[in-house]
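In our numbering, the protein residues as written are 94 to 180.
Beneath this line is the structure, given in C-alpha cells, with notes to follow.
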C-alpha cells in the first residue's frame with residue numbers, strides 16, 4: 094500500500110499539480126479505503142514547501158494567482174469531504 098500511496102501522491106503533486114495530466118482521481122477498493130485515506134493524509138502533511146531550488150523542498154510556488162486559488166479551493170473541498178465522512 095505504501096507504493097500505491099506514494100504513486101497517487103506524486104501523480105497529483107508532480108510539478109505542484111500544474112500539469113494537464115495530473116492524477117486528480119485515485120480509485121481505491123472499499124476494503125482498504127479508510128486506511129488509504131488516513132495514510133495519504135499523513136503523506137500529504139509531510140510534503141515540504143519553499144524555495145524550489147533547495148533539494149529538501151518538494152513544492153515551490155504556484156504559477157499564477159488563479160492556480161493558487163484553485164489549489165486552495167481543492168484543499169477546502171477535500172477537508173469538507175473528510176469532515177462530512179466522519180458524521
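Ideal Cβ placement from N, Cα and C applies to all residues, glycine included.
Please state whether the Cβ-Cβ distance between residue i and residue j is less than 8 Å.
{"i": "residue 98", "j": "residue 133", "result": "yes"}
{"i": "residue 136", "j": "residue 152", "result": "no"}
Which term fits residue i, buried or exposed, when burial requires 16 or more other beta carbons within 10 angstroms of its beta carbon?
{"i": "residue 102", "result": "buried"}
Report the residue from the options whose alpha carbon sits nearest the alpha carbon of residue i.
{"i": "residue 129", "options": "100, 170, 142 and 144", "result": "100"}
{"i": "residue 95", "options": "125, 168 and 108", "result": "125"}
{"i": "residue 176", "options": "163, 145, 162 and 131", "result": "131"}
I believe residue i touches residue j by the beta-carbon criterion, under 8 Å. Please report the beta-carbon distance rounded to the nearest angstrom.
{"i": "residue 111", "j": "residue 155", "result": "7 Å"}
Which residues share a DSSP beta bridge with residue i?
{"i": "residue 142", "result": "152"}
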